[in-house]
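Per my numbering, the sequence shown starts with residue 0, numbered consecutively.
Yeah, the Cβ is synthetic: ideal placement off N, Cα and C, and Gly gets one too.
As the structure is a prediction and not an experimental result, all values here were calculated from the model.
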Amino acid sequence: MSVQLYDEIGEAFEGFKALPLARYGEVPSFLGMVGDVRGKSVLDLASGTGFYSREVKRSGATEVFGVDISSEMVAVARAFEERDPLGVRYEVGDVSELPLLEQHFDLALGVQLLHYAEDTAAMERMCRNVHRNLKPGGAFYVFAQNPDYRFDGPSLAKYGFLCEPTGEEIETGPRVRITALLDPPISFVGTCPRREVYEHCLRTAGFTEVTWVPLEVSEEGVREFGADFWADCHANPPLEMLRCRA
């Protein structure tokens, strides 16, 4: 997604987390994978409006630093911080050009980050920049589209999203158009990198223990909609996660 589009949607981006797939799949799955953050420092990359930055700070992280390429997204995140001060810092920055920061962090978050790399070299730079800002043994948690998602499967519309191939292929994988069915809908184009691209870039950057983690639907989501509602999501998961160690 272009920086301009990020700047245009601003606070509307928060609405993504209220859609069924995000609320009952993405958010509980990702936070569950990250686990206990009490006493840890967290670097939130592609932090957007600060949703996960706030979540981990409320869960006991000692220091949280959010970085996003969009100045408008950072402005919205700072506005949330002003309304409800948690002690989270935000800065505008491009992860592919992220410098060595003033401190090393215990863990880093990358929610829908790496798929914006235009080629393998750019993804490798992103991964190296994350790696050098983590403490030895620090964890990097990635949330992304499932590389094996079948675009000809049932629509994701009932979960609040559409995911459609554009027909274009770049070095890292096929280009896809994601539409969040908000009012009005918001669409953006990104890439669905191949599984081996993720693994190569992370390992080249120095990460070890690269492990894929499946998306899970929360018990609350099953109670809210019923098990049958989520059958298509389980049969053809649109999202997947990764964890690795510096």
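Same chain, Cβ closer than 6 Å to residue i, neighbours up to 5 away in sequence not counted
{"i": "Asp35", "result": "none"}
{"i": "Arg127", "result": "Ala204"}
{"i": "Trp229", "result": "Val216"}
{"i": "Pro19", "result": "Tyr158 and Gly159"}
{"i": "Ala21", "result": "Phe15"}
{"i": "Ala60", "result": "Val36, Lys39 and Val41"}
Rounded straight-line distance, which links the Cα of residue j to that of residue i
{"i": "Leu133", "j": "Leu214", "result": "25 Å"}
{"i": "Leu180", "j": "Glu218", "result": "23 Å"}
{"i": "Glu167", "j": "Asp147", "result": "17 Å"}
{"i": "Asn235", "j": "Gly159", "result": "15 Å"}
{"i": "Val212", "j": "Arg77", "result": "31 Å"}
{"i": "Ser58", "j": "Asp105", "result": "15 Å"}
{"i": "Phe247", "j": "Phe139", "result": "For the chain, the structure presents residues 0 to 245; residue 247 sits outside this window and is missing."}
{"i": "Glu223", "j": "Glu96", "result": "42 Å"}
{"i": "Gly92", "j": "Thr48", "result": "14 Å"}
{"i": "Glu101", "j": "Leu42", "result": "12 Å"}
{"i": "Tyr197", "j": "Ala120", "result": "12 Å"}
{"i": "Asp83", "j": "Ser40", "result": "20 Å"}
{"i": "Arg149", "j": "Gly38", "result": "40 Å"}
{"i": "Asp227", "j": "Glu239", "result": "21 Å"}
{"i": "Glu25", "j": "Gly109", "result": "13 Å"}
{"i": "Phe206", "j": "Pro183", "result": "40 Å"}
{"i": "Ile169", "j": "Val94", "result": "20 Å"}
{"i": "Gly220", "j": "Arg194", "result": "28 Å"}
Whole-number beta carbon distance between residue j and residue i, since they are thought to touch under 8 Å
{"i": "Gly137", "j": "Ala245", "result": "4 Å"}
{"i": "Glu80", "j": "Val87", "result": "6 Å"}
{"i": "Asp118", "j": "Thr171", "result": "6 Å"}
{"i": "Thr190", "j": "Leu241", "result": "Not really, about 16 Å apart at Cβ, beyond 8 Å."}
{"i": "Leu99", "j": "Arg131", "result": "6 Å"}
Cβ-Cβ distance between residue i and residue j below 9 Å
{"i": "Pro27", "j": "Gln144", "result": "no"}
{"i": "Val63", "j": "Lys56", "result": "yes"}
{"i": "Ser52", "j": "Tyr89", "result": "yes"}
{"i": "Val129", "j": "Ala107", "result": "yes"}
{"i": "Leu161", "j": "Arg176", "result": "yes"}
{"i": "Ala116", "j": "Pro192", "result": "yes"}
Other residues of its chain near residue i: CB distance less than 7 Å, five sequence neighbours each side excluded
{"i": "Gly225", "result": "none"}
{"i": "Leu201", "result": "Cys126, Val209 and Cys243"}
{"i": "Glu123", "result": "Cys200, Thr203 and Ala204"}
{"i": "Leu30", "result": "Glu54"}
{"i": "Gln111", "result": "Ala45, Phe142 and Ala143"}
{"i": "Met32", "result": "Tyr140, Val212, Met240 and Arg242"}
Cβ shell of residue i (< 8 Å), same chain only, five flanking positions each side left out
{"i": "His233", "result": "Val216"}
{"i": "Gly152", "result": "Asp231, Ala234 and Asn235"}
{"i": "Leu113", "result": "Met122, Met125, Cys126, Val141, Ala143, Pro192, Tyr197 and Cys200"}
Sequence ranges, alpha helix (DSSP H) only - wholly within the region 47-89, length at least 4: Runs found: 50-57 and 70-82.
Any alpha helix (DSSP H) of 4 or more consecutive residues that is wholly inside the region 23-50: As far as the region 23-50 is concerned, its whole alpha helix (DSSP H) runs of at least 4 residues are 26-33.
Runs of beta strand (DSSP E) lying entirely within the region 84-134, each at least 3 residues, in chain order: Listed in chain order, they are 88-91 and 104-110.
Any beta strand (DSSP E) of 3 or more consecutive residues that is wholly inside the region 165-213: When DSSP assignments are scanned along the region 165-213, the uninterrupted stretches of beta strand (DSSP E) that are 3 or more residues long and fall wholly within it turn out to be 172-179, 185-190 and 207-213.
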